[in-house]
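Notes follow the structure.
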Amino acid sequence: MLDIKFVRENPELVKENIKKKFQDAKLPLVDEVIRYDAEYRAAITEAESLRAQRNKLSKSIGALMAQGKKDEAEQVKKQVTEQADRLKALEVREAELQEEVRSRMLVIPNMLDASVPIGRDDSENVEVERFGEPARPDFEIPYHTDLMESFGGIDLDSARRVAGNGFYYLVGDIARLHEAVLAYARDFMINKGFTYVIPPFMMHGSVVQGVMSFPEMDAMMYKIEGEDLYLIGTSEHTMIGRFVDQIIPEAQLPLTLTSYSPCFRKEKGAHGLEERGIYRIHQFEKQEMIVLCKPEESMDWYEKLWKNSVELFRSLDIPVRQLECCSGDLADLKVKSCDIEAWSPRQQKYFEVCSCSNLGEAQSRRLKIRVKGEDGKNYLPHTLNNTCVAPPRMLIALLENNLCADGSVRIPEALRPYMGGKEALRKA
3 MLDIKFVREN
13 PELVKENIKK
23 KFQDAKLPLV
33 DEVIRYDAEY
43 RAAITEAESL
53 RAQRNKLSKS
63 IGALMAQGKK
73 DEAEQVKKQV
83 TEQADRLKAL
93 EVREAELQEE
103 VRSRMLVIPN
113 MLDASVPIGR
123 DDSENVEVER
133 FGEPARPDFE
143 IPYHTDLMES
153 FGGIDLDSAR
163 RVAGNGFYYL
173 VGDIARLHEA
183 VLAYARDFMI
193 NKGFTYVIPP
203 FMMHGSVVQG
213 VMSFPEMDAM
223 MYKIEGEDLY
233 LIGTSEHTMI
243 GRFVDQIIPE
253 AQLPLTLTSY
263 SPCFRKEKGA
273 HGLEERGIYR
283 IHQFEKQEMI
293 VLCKPEESMD
303 WYEKLWKNSV
313 ELFRSLDIPV
323 RQLECCSGDL
333 ADLKVKSCDI
343 EAWSPRQQKY
353 FEVCSCSNLG
363 EAQSRRLKIR
373 VKGEDGKNYL
383 PHTLNNTCVA
393 PPRMLIALLE
403 NNLCADGSVR
413 IPEALRPYMG
423 GKEALRKA
């Protein structure tokens with residue numbers, strides 16, 4: 003959410019930013035916000051003036067009564083009553099106007115960083131750099147669920163009977179590999195100086211509104227019926243929510259955290275071969291990176307976070323590339339974002355495995371997260387997040403890129419301590 007003062011003073015910049023995101027239907031919101039904000043401030047000014055007058059008149063009543071001027075005192079009392087009624091009406095109107103402003107401000111997108119490429123959707127995202135040589139094996143690579151089944155490692159049929167499509171059972175060495183990846187990612191981030199956290203897996207609606215846009219919320223979140231609770235779609239939400247309405251001493255910044263959680267998503271609109279299996283699912287587990295920092299340090303942290311992903315995936319012998327997200331592909335709260343995509347030898351193309359985002363002060367403003375500076379003044383920290391690993395999707399890249407011609411899968415050296423020293427998976 004933008005600063006109302008910024009919108010008030012820079013309406014044309016805000017409108018131009020909306021156009022860059024190809025959301026022209028939101029352009030009228032800017033003028034509406036400015037109009038309601040002006041009415042809101044006028045109501046506050048009038049209320050303050052009335053309170054001052056009322057206090058002055060109230061003091062005069064006693065003096066008039068002491069002088070025996072009862073009729074005049076009664077007239078003043080009448081004025082005070084009338085002003086009290088007007089004040090009550092103004093207070094109601096202030097609350098209404100404040101909500102009119104806030105509801106629109108929640109929908110107006112954050113200001114894009116100047117470096118963000120302009121484009122309508124993810125088809126116009128820009129490749130920045132590749133890391134590692136993509137494998138082009140001379141043998142056939144099975145579809146990922148067939149590959150897992152060759153190790154007796156997945157049971158989709160039972161999962162459909164138990165929970166429907168979009169769920170899975172992982173079994174044996176594949177389940178163990180799944181957990182090994184998460185444990186390795188956890189230790190990888192701890193060794194980078196990040197603090198390991200296991201957060202709540204549900205959150206209140208007010209926190210949901212504080213960390214994401216309404217379209218994201220509708221597309222992603224599962225609500226608990228009859229309660230003000232939502233299942234998290236990613237742990238960054240409750241990780242940032244941890245600091246709601248808090249004032250953080252500046253000396254504690256930057257806060258660098260890595261969190262584990264299951265994630266639950268509706269995943270509307272998934273279709274096609276590559277959307278089946280375990281590529282898009284309703285439940286998965288993830289290790290995340292989260293940073294709260296000074297505004298002037300957020301772009302440096304953005305660079306560090308996505309580079310952490312590259313380093314981690316390369317340590318598992320998986321080629322990746324960085325893809326800069328264009329304006330139309332950015333969620334409304336994001337200032338800048340990039341995807342890390344892993345190479346799929348079977349598809350002979352890259353697919354998304356990590357998403358790194360700088361959200362500026364948007365989440366801090368919505369959740370009232372503040373930092374007390376050395377000068378004693380409060381300011382809003384910037385928040386960033388990045389996927390560390392999200393198996394089982396990450397398993398697709400791991401299995402395909404380490405598959406051998408005999409059908410076995412080489413376990414990267416970095417993972418072997420987490421697999422009891424096992425060097426390869428072999429068919430059941």
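Its first residue numbered 3, the sequence shown is counted upward by one per residue in the numbering used here.
Ideal Cβ placement from N, Cα and C applies to all residues, glycine included.
Leu255 places its beta carbon less than 8 Å from that of Leu294. Of all alpha-carbon atoms in Ala44, Leu427 and Asp331, the one lying nearest the alpha-carbon of Ser359 is that of Asp331. Between Asn127 and Cys328, the beta carbon gap of about 5 Å places them in contact (Cβ cut-off 8 Å). When secondary structure is reduced to three states using DSSP, Thr236 falls in the coil class, being assigned neither helix nor strand. Counting every other CB atom within 10 Å of its CB across the protein chains shown gives Cys265 a total of 16 or more, marking it as buried.
Taken through DSSP and simplified to helix, strand or coil, Lys22 comes out as helix. Closest by C-alpha distance to Pro217, out of Tyr262, Thr197, Lys268 and Leu179, is Lys268.
If you look at Ser160, you'll find it in the alpha helix (DSSP H) that goes Leu158 to Ala165.
No residue range can be given for Asn12, since it is assigned to no beta strand (DSSP E) and is classified by DSSP as neither H nor E. In the DSSP assignment, Arg132 falls within the unbroken beta strand (DSSP E) covering Val128 to Phe133. Out of Ile320, Lys338, Ala392 and Arg367, the CA that lies nearest to the CA of Arg412 is found in Ile320. At the C-beta level, Asn387 and Met291 come within 8 Å of one another. Residues of the same chain with a CB within less than 6 Å of the CB of Gln350, apart from the 5 flanking positions on each side, do not exist.
Taking Glu142 as reference, the option from Glu415, Ala407, Val322 and Val246 with the minimal CA-CA separation is Ala407.
For the options Lys370, Glu287, Asn19 and Ala392, the alpha carbon positioned closest to that of Phe353 is the one of Ala392. Looking at Ala253, Thr197, Met396 and Ala426, the one whose alpha-carbon comes closest to that of Leu184 is Met396. Under DSSP, Cys327 forms no beta bridge with any residue.
Of the other Cβ atoms in all chains shown, fewer than 16 fall within 10 Å of the Cβ of Gln55; this residue is therefore exposed. Just so you know, the alpha carbons of Thr83 and Ala97 end up roughly 22 Å apart. DSSP places Lys80 within a helical segment (H, G or I) once states are collapsed to three. The beta carbon of Phe153 sits closer than 8 Å to the beta carbons of Gly174, Asp175, Ile176, Val411, Leu427, Arg428, Lys429 and Ala430 from its chain, once the five residues preceding and following it are set aside; these are given in chain order. The beta carbon of Ser215 sits closer than 7 Å to those of Ala333, Asp334 and Leu335, all from its chain and outside the five residues before and after it, given in chain order.
The alpha helix (DSSP H) runs lying completely inside the region 355–414 and spanning 4 residues or more are 364–369 and 395–403, given in chain order.
DSSP lists Ala344 as the bridge partner or partners of Phe353. With fewer than 16 other CB atoms across the displayed protein chains lying within 10 angstroms of its CB, Ala165 is exposed.
One Cα belongs to Leu89, the other to Glu102, and the distance between them is close to 20 Å. For Phe190, the uninterrupted alpha helix (DSSP H) segment begins and ends at Gly174 to Ile192. DSSP places Val213 inside the alpha helix (DSSP H), whose first and last residues are Gly207 to Val213. Rounded to the nearest whole angstrom, the CA to CA distance from Arg162 to Met150 is 17 Å. Within the region 281–314, the runs of beta strand (DSSP E) that reach at least 3 residues and sit entirely inside it are, in chain order, 285–295.
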